[in-house]
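Take any residue in the first sequence, note its place counting from 1, add 2, and you have its number in this note's numbering.
Note that beta-carbon positions come from the ideal geometry of N, C-alpha and C, so glycine has one too.
None of these values were measured; they are calculated from a predicted model.
Please read the structure below before turning to the comments.
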Amino acid sequence: MPELPEVETVANGVHERVHGQLIERVWTSGKPQTFKSPESEIEAVLTGARIERVRRVGKTIAVSLGSRGEFLVHLGMTGRLLVSSPEVPLPPHTHAVLSLSGGNELRFVDARRFGRLSVAAAYEGPGAEPLTIGEDDFVALFRGRKLAIKAALLNQALLHGVGNIYADESLFRAKIRPRRQAGRLTRAELLRLRTELVGVLKNAIKLGGSSVSDYVDADGVRGFFQLEHKVYGRAGEDCKDCGTGLKKVVVGGRTTVYCPMCQR
DNA sequence: CTGACATCCTGACGGC
DNA sequence: TGCCGTCAGGATGTCA
Numbered sequence: 003m004p005e006l007p008e009v010e011t012v013a014n015g016v017h018e019r020v021h022g023q024l025i026e027r028v029w030t031s032g033k034p035q036t037f038k039s040p041e042s043e044i045e046a047v048l049t050g051a052r053i054e055r056v057r058r059v060g061k062t063i064a065v066s067l068g069s070r071g072e073f074l075v076h077l078g079m080t081g082r083l084l085v086s087s088p089e090v091p092l093p094p095h096t097h098a099v100l101s102l103s104g105g106n107e108l109r110f111v112d113a114r115r116f117g118r119l120s121v122a123a124a125y126e127g128p129g130a131e132p133l134t135i136g137e138d139d140f141v142a143l144f145r146g147r148k149l150a151i152k153a154a155l156l157n158q159a160l161l162h163g164v165g166n167i168y169a170d171e172s173l174f175r176a177k178i179r180p181r182r183q184a185g186r187l188t189r190a191e192l193l194r195l196r197t198e199l200v201g202v203l204k205n206a207i208k209l210g211g212s213s214v215s216d217y218v219d220a221d222g223v224r225g226f227f228q229l230e231h232k233v234y235g236r237a238g239e240d241c242k243d244c245g246t247g248l249k250k251v252v253v254g255g256r257t258t259v260y261c262p263m264c265q266r
């Protein structure tokens, strides 16, 4: 499932291949819940627009269209944003096709339809940016919060971009149990969490993200960070650091895996 | 306001 | 082999 590193990889890859190009034609599938803005509005804004920049904001891909605003793509769980030749057959579950002046198509494909397309004037994202937030601001995010630290990490209004994989992986590396109350973590623990979170996100970006279900980048290529996972997807296996059996619980409504020995 | 929980959707996987 | 039930999860909406 695409989180910050996967979305960043896709956004950068798409940017390289489409910036500066004109959107000549737009086709949309008509599946209602895929479109957060009316399809007619999306088509009107996109058709004839020039793509200035493609970047990541939280887990959202924001395509800047100059004075026309931004085209926002949220990949949900199984969404893919692909740059393809028109000669390549449309994959099943294609929901939008943008024909570009460079001759290629920008395609949005999403089997499970948790992804969303919309247009907006400008997009800032709901929360703070994990890669650039300072120490004091990071610590302040969790002050007084009674929910579990894992649930707090998943809350996009606090930090945006972190999902289930990198929440579990950063908590393991920071040696913090996922169910600890966020507001009761010490400053030292939160600073450790910030360091490990930034580290794991940057490392994952370097490796092209984690391909666990069907995540691929703009060229359809899989990432490699799943090979570095210490806990995510490893329920029932042994901790790579200490050999203790990893535990699986539900926190914040999400499957959560942790090491009861390493994480306190 | 804060937090907990159900809901959407379909492919993959396990069991028999 | 093939069928069927279960599971996965980001954002949103509802409820306490």
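Counting along the chain, Arg-114 sits inside no beta strand (DSSP E), nor does DSSP assign it H or E at all.
Beyond the five residues adjoining it in sequence on each side, Ala-113 comes within less than 6 Å, by CB distance, of Thr-80, His-95 in the same chain, given in chain order. According to DSSP, Val-75 shares a beta bridge with Ile-63, Leu-119. Taking Ala-206 as reference, the option from Thr-62, Gly-146, Glu-89, Glu-171 with the minimal CA-CA separation is Glu-171. Taking a cut-off of 8 Å on C-beta distances, the stretch 184-201 does not touch the stretch 245-258, as fewer than three cross pairs fall below it. In this structure Arg-118 is not in contact with Ala-150, their Cβ atoms being roughly 27 Å apart against a cut-off of 8 Å.
Separation of Ile-25 and Gly-104 (C-alpha to C-alpha, rounded to the nearest whole angstrom) is 9 Å. About 31 Å separates the beta carbons of Gly-185 and Gly-211, which is beyond the 8 Å limit, so they are not a contact pair. The C-alpha of Thr-36 lies about 10 Å from the C-alpha of Ala-98.
The straight-line gap separating the alpha-carbon atoms of Glu-131 and Val-65 is approximately 18 Å.
The beta carbon of Val-111 sits closer than 6 Å to those of Arg-82, Pro-93, His-95, Thr-96, all from its chain and outside the five residues before and after it, given in chain order. Pairing Gly-225 with Leu-133, the inter-Cα distance amounts to about 20 Å. Among the bridge pairs identified by DSSP, Ile-151 is matched with none. Within the same chain, Val-121 come within 7 Å of Glu-43 by CB-CB distance, once the 5 residues on both sides are set aside. Apart from sequence neighbours up to five positions away, the residues of its chain that approach Ser-101 with a beta-carbon distance below 6 Å are Glu-26, Arg-27, Glu-107, ordered along the chain. Cβ atoms of His-162 and Lys-242 stay farther apart than 8 Å, at about 29 Å. For Lys-204, the enclosing alpha helix (DSSP H) stretches over residues 189-208. When the beta-carbon positions are compared, Ala-154 and Phe-144 come within less than 7 Å of each other. DSSP places Ala-130 within a strand segment (E or B) once states are collapsed to three.
Cβ atoms of Leu-203 and Leu-6 come within 8 Å of each other, at about 6 Å. For the pair Pro-262 and Ile-135, the Cα-to-Cα distance works out to about 29 Å.
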